[in-house]
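Same order as they appear, the protein sequences are chains U and B.
Position in the first sequence counted from 1, then plus 14, gives you my numbering.
Position in the second sequence counted from 1, then plus 14, gives you my numbering.
Note that beta-carbon positions come from the ideal geometry of N, C-alpha and C, so glycine has one too.
Notes to accompany the following structure.
Number of protein chains: 2
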Amino acid sequence: MAKRPTIHDVAAAAGVSRGTVSRVLNDDRYVSPAAHAAVRRAIAETGYIVNRNARSLVTQRTGSVVMVLSEPHEKVFEDPNYSTTIRTAIRRLGERDVSLVIMLAGDDGDRERVVRYVRGGHADGVLLMSTHAGDPMVDELESMRIPAVACGAVVGKENVIPYAAADDREGARQMTRHLVEQGRRKIATITGPMDTPGGIQRLEGFADVLGRKASRKLIEHGDWTQLSGESAMARLLERTPDLDAVFVASDLMAAGALSTLRAAGRRVPDDVAVGGFDDSSVAATTHPPLTTIRQPLAEVAEETVRLLLALIDGGGPVDPVILPTRLIVRESA
Amino acid sequence: MAKRPTIHDVAAAAGVSRGTVSRVLNDDRYVSPAAHAAVRRAIAETGYIVNRNARSLVTQRTGSVVMVLSEPHEKVFEDPNYSTTIRTAIRRLGERDVSLVIMLAGDDGDRERVVRYVRGGHADGVLLMSTHAGDPMVDELESMRIPAVACGAVVGKENVIPYAAADDREGARQMTRHLVEQGRRKIATITGPMDTPGGIQRLEGFADVLGRKASRKLIEHGDWTQLSGESAMARLLERTPDLDAVFVASDLMAAGALSTLRAAGRRVPDDVAVGGFDDSSVAATTHPPLTTIRQPLAEVAEETVRLLLALIDGGGPVDPVILPTRLIVRESA
DNA sequence: TCTGCTTCTGTGAACGTGCACAGTAGCGCA
DNA sequence: TGCGCTACTGTGCACGTTCACAGAAGCAGA
Numbered sequence: 015m016a017k018r019p020t021i022h023d024v025a026a027a028a029g030v031s032r033g034t035v036s037r038v039l040n041d042d043r044y045v046s047p048a049a050h051a052a053v054r055r056a057i058a059e060t061g062y063i064v065n066r067n068a069r070s071l072v073t074q075r076t077g078s079v080v081m082v083l084s085e086p087h088e089k090v091f092e093d094p095n096y097s098t099t100i101r102t103a104i105r106r107l108g109e110r111d112v113s114l115v116i117m118l119a120g121d122d123g124d125r126e127r128v129v130r131y132v133r134g135g136h137a138d139g140v141l142l143m144s145t146h147a148g149d150p151m152v153d154e155l156e157s158m159r160i161p162a163v164a165c166g167a168v169v170g171k172e173n174v175i176p177y178a179a180a181d182d183r184e185g186a187r188q189m190t191r192h193l194v195e196q197g198r199r200k201i202a203t204i205t206g207p208m209d210t211p212g213g214i215q216r217l218e219g220f221a222d223v224l225g226r227k228a229s230r231k232l233i234e235h236g237d238w239t240q241l242s243g244e245s246a247m248a249r250l251l252e253r254t255p256d257l258d259a260v261f262v263a264s265d266l267m268a269a270g271a272l273s274t275l276r277a278a279g280r281r282v283p284d285d286v287a288v289g290g291f292d293d294s295s296v297a298a299t300t301h302p303p304l305t306t307i308r309q310p311l312a313e314v315a316e317e318t319v320r321l322l323l324a325l326i327d328g329g330g331p332v333d334p335v336i337l338p339t340r341l342i343v344r345e346s347a
Numbered sequence: 015m016a017k018r019p020t021i022h023d024v025a026a027a028a029g030v031s032r033g034t035v036s037r038v039l040n041d042d043r044y045v046s047p048a049a050h051a052a053v054r055r056a057i058a059e060t061g062y063i064v065n066r067n068a069r070s071l072v073t074q075r076t077g078s079v080v081m082v083l084s085e086p087h088e089k090v091f092e093d094p095n096y097s098t099t100i101r102t103a104i105r106r107l108g109e110r111d112v113s114l115v116i117m118l119a120g121d122d123g124d125r126e127r128v129v130r131y132v133r134g135g136h137a138d139g140v141l142l143m144s145t146h147a148g149d150p151m152v153d154e155l156e157s158m159r160i161p162a163v164a165c166g167a168v169v170g171k172e173n174v175i176p177y178a179a180a181d182d183r184e185g186a187r188q189m190t191r192h193l194v195e196q197g198r199r200k201i202a203t204i205t206g207p208m209d210t211p212g213g214i215q216r217l218e219g220f221a222d223v224l225g226r227k228a229s230r231k232l233i234e235h236g237d238w239t240q241l242s243g244e245s246a247m248a249r250l251l252e253r254t255p256d257l258d259a260v261f262v263a264s265d266l267m268a269a270g271a272l273s274t275l276r277a278a279g280r281r282v283p284d285d286v287a288v289g290g291f292d293d294s295s296v297a298a299t300t301h302p303p304l305t306t307i308r309q310p311l312a313e314v315a316e317e318t319v320r321l322l323l324a325l326i327d328g329g330g331p332v333d334p335v336i337l338p339t340r341l342i343v344r345e346s347a
C-alpha cells in the first residue's frame, strides 16, 4: 500500500501551513477564499483522507458508536427488532460518517470485553439492545458517563438510560380489547420473560383491560422462542381447557401456540382466537395468518439513533420516546 | 470522565520506563521477572488500558475489520446467511480482540463511503457479503491491497478474492437427483439472480443432473424474495401446466411458489413436488414443510473469518474453501 | 502616529504509543 | 585482562493530527 498523503503533503501542495489545512478540514472560520480553494484543490489532487486515529488521539472523539447486543439467543439478527435497528443505525450514523461497531454481550466474558472496549475510549456512545434487568455492565457503563441510549427500556433504569420504544402496554390493551370485542370470555396470555420491558408491559396492558378477570391461571410465561410458545400453550390448555382466546406476547411464540392448538384439535379462530405481537414476517405465513400488533420498528430505531446522537453532541439530558402501535387484523382473531 | 492512565503512569507506578511497560504489553522477550510482576501490578492498580488510537498511529494496525453488506434489500439481517455470518464473525474476531464494523453498500454513496473508510486505513481487513458481479468497489478495494475475503464467491473474482462457500452446485444436484428418484418427469426450476454465485451454480447443478431435459421453458428467475417466487411460479405454471416438480433456489422463494401452487389448486407434493434451498427457518413452517438443502452456514462463516485472519496475519495467499451441503427431506418432495 | 480590532496564517507542543538504538551488567572463556 | 555474548533497560523519535498562541496585515478611529 503506497504511503498515504498526510496533512503535511496537502499543506505543501497548497502552499499553506498545516494549520490552514486543518482549519479547512474542520471548517473553521478565518480562512481566506484563496487559501480555501487552494487547499480543496490540493486535497483532491493528493487524494488525502484524514487519519482518524491521529485525530482521535487529540480530540478524544472516535467517530464510532458501539451497539451492544445482550441477547444470547442464537438467532438474534433474524429478529426483525434487531435487524431493523441495526440497519437503521448503520444508515443514519453513516450519514454522519460515524461507524457502527457491533458487540455481543451474551456472557460475562463478552460483557467484560464491552466494558474494556468502552473504557478504552473506542466509542463515542453506546447503543444498548435488549439489556437485561440488573446487568452489572450497565452500571459500569453508567459510571463512565459515556453517552448511552437503549432501544426499548432497560428495566430498572428507565430514568437513567434514555430510550425509544413502542408503546407495549397500549399495544397489549389494543389486542386484548379486540379479543373482548370479538366476544371472547376466557382469555389467556403467554408473556415474554419478566425481566424484559416487553414481557412486563404487555402483561400489564393485558391486565389493564381484563382487570380481575386476568387470573393467575390464565397467565403463562415464555422466552420469546417458538418452542416456549408451544409448551406454554400446552400448559394453558391443560389447566384451562375451555379458554377461548389467547394473547401471545410475540408472533414467534404465537406460531408455537398455533401448532399446539392444531395438535390438540382446536380450530383457530373458531374454538380459540389467537393474537400475536410484533407483526413480524412469520405473522403472515402462519395458518391461519396472525392477527397481531404492529410495532413502529423503523421509527423506534430512528429515534434511538437520534437520541444517541443528541446525547453525544452534548445537548443535555434527553427524554424517552414512546411510539404508538397498531392492531393488524388477519384471520387468527 | 476522569483522565485515563497512560503508559507513563504505569511506568511510574512500577518504577520502570515506558519501554519496559510496552514490552510487557506486547509480550516481548527480554523483561526480567521482577519487572514483569511490577508492571502487571501497576497495570492492575491504575486500571490502565492501552489507547488503540495511539497504538494504531504507529503500528498502522487498527484492530478492527469491516464487513460490507452489498445487499440493498431491506431485510438483510433477517436472512440467516447474514445473521449467522455476522454473529460468527463478531464472536471469532472478538476472541482475538478485533472489533467488527458493519457498513452497508446498497448504493453508490454507500460504496464510496466504504472505499473512503478503507482507504482511510480504518480497518485491517474487509469481509465481503453478497457482492455483485462487476462492482467497481471491489476493484478499488483490490487496488488498495487490503486483505479481503468474501462469504460466498464474488462472481468474476473467484481467483482474486478468496472465499468460503457452501457447495451450491452439488447441493442443487442433490435436490434434483432426489426429485428424479421420486419419479418426477417434468422438473422446473426457479433460480436466484444470475449475477450471484447461488443463482448461477444452483442452476448449473440442476442442469448437470437433467442434461438436455433442463429446457429453457422450465427455467424462471427470481430475486430471492418470496414475492419473486410467487410470480416465477405463476409464469412456470402458465407456460408448462403439466410440470410435476420444481426446484426453487431458496426457501423463501419456495414459500412464494407454494402459495401460488395452492392458489392454483395444485396439491403439494401430490401434484407438484417442491424442493427448496437453505434450510432456513421458513422451511419448517411452510405447509407442507419444505424438503430442502441445508447449507453449513456456521462452518462457512467460521472459515470466512479464519481466511481473513490468516490473510491479515500476513500468511501468503489463501485458498477458497467449499463445504458440503445436505439434503433434508420433509414433506414437500 | 498610535491604538485597537478583525481577519487570516504559521508554529510549537501535545495526544499515547511502538520501535530502533544505545547502553549496562553479568558471565564465560581464551 | 580483554573480548564477546546474552539478558535486560531506558531514551529519543516518529506516527498525523488539533489546539493554543503568537503574529502579521489591513483598516478604522482618535
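Item, Value
"Min CB distance isoleucine 104/U to chain B below 8 Å", "yes"
"C-alpha distance - glutamate 156/B paired with aspartate 149/B, whole-angstrom precision", "11 Å"
"Where methionine 151/B sits in the DSSP three-state scheme", "helix"
"Within 8 Å, strictly: CB atoms of threonine 383/B and alanine 27/B", "Because chain B in this structure spans residues 15 to 347, residue 383/B falls outside the shown range and cannot be described."
"Chain U within 8 Å of serine 113/B, Cβ atoms only", "yes"
"Helix, strand or coil at serine 78/U [DSSP, three-state]", "strand"
"Cα-Cα separation between histidine 50/B and arginine 183/B, rounded to whole angstroms", "55 Å"
"Boundaries (first-last residue) of the beta strand (DSSP E) holding valine 72/U", "Segment 66 to 73 is the alpha helix (DSSP H) holding valine 72/U; no beta strand (DSSP E) there."
"Exposed unless 16 or more other CB atoms sit within 10 angstroms - verdict on alanine 269/B", "buried"
"Separation of arginine 226/U from alanine 147/U, as counted between CA atoms", "27 Å"
"Neighbouring residues, chain U, relative to tyrosine 131/B (Cβ below 8 Å)", "Ser113"
"For serine 229/B, three-class secondary structure by DSSP", "coil"
"In DSSP terms, what leucine 141/U is bridged to", "Met81/U and Val163/U"
"Beta carbon of alanine 246/U nearer than 8 Å to that of histidine 235/U", "yes"
"Proximity of valine 169/U and threonine 210/U at Cβ, strictly below 8 Å", "yes"
"Cβ of alanine 162/U within 8 Å of any chain B Cβ", "no"
"Reference lysine 231/B, options Arg249/B, Met81/B, Arg216/B and His301/B, closest by Cα", "Arg249/B"
"Three-way DSSP call (helix, strand, coil) for glycine 279/B in this model", "coil"
"DSSP three-state assignment for tyrosine 177/U, whether helix, strand or coil", "strand"
"For threonine 306/B and serine 294/B, the rounded distance between their alpha carbons", "9 Å"
"N-terminal and C-terminal residue of the beta strand (DSSP E) that methionine 117/U is part of", "113 to 118"
"When Leu272/B, Asp265/B, Val115/B and Asp122/B are compared against arginine 101/U, the one with the closest alpha-carbon", "Val115/B"
"Under 8 Å between C-beta atoms of alanine 180/U and threonine 318/U", "no"
"Identified DSSP bridge partners for leucine 337/U", "Ala180/U"
"Cβ shell of tyrosine 131/U (< 6 Å), same chain only, five flanking positions each side left out", "none"
"Partner residues on chain U for glycine 108/B, Cβ-Cβ distance less than 8 Å", "Met117, Leu118, Asp124 and Arg127"
"Which listed residue (Ala347/U, Asp122/U and Asp111/U) has its alpha carbon closest to that of aspartate 138/U", "Asp111/U"
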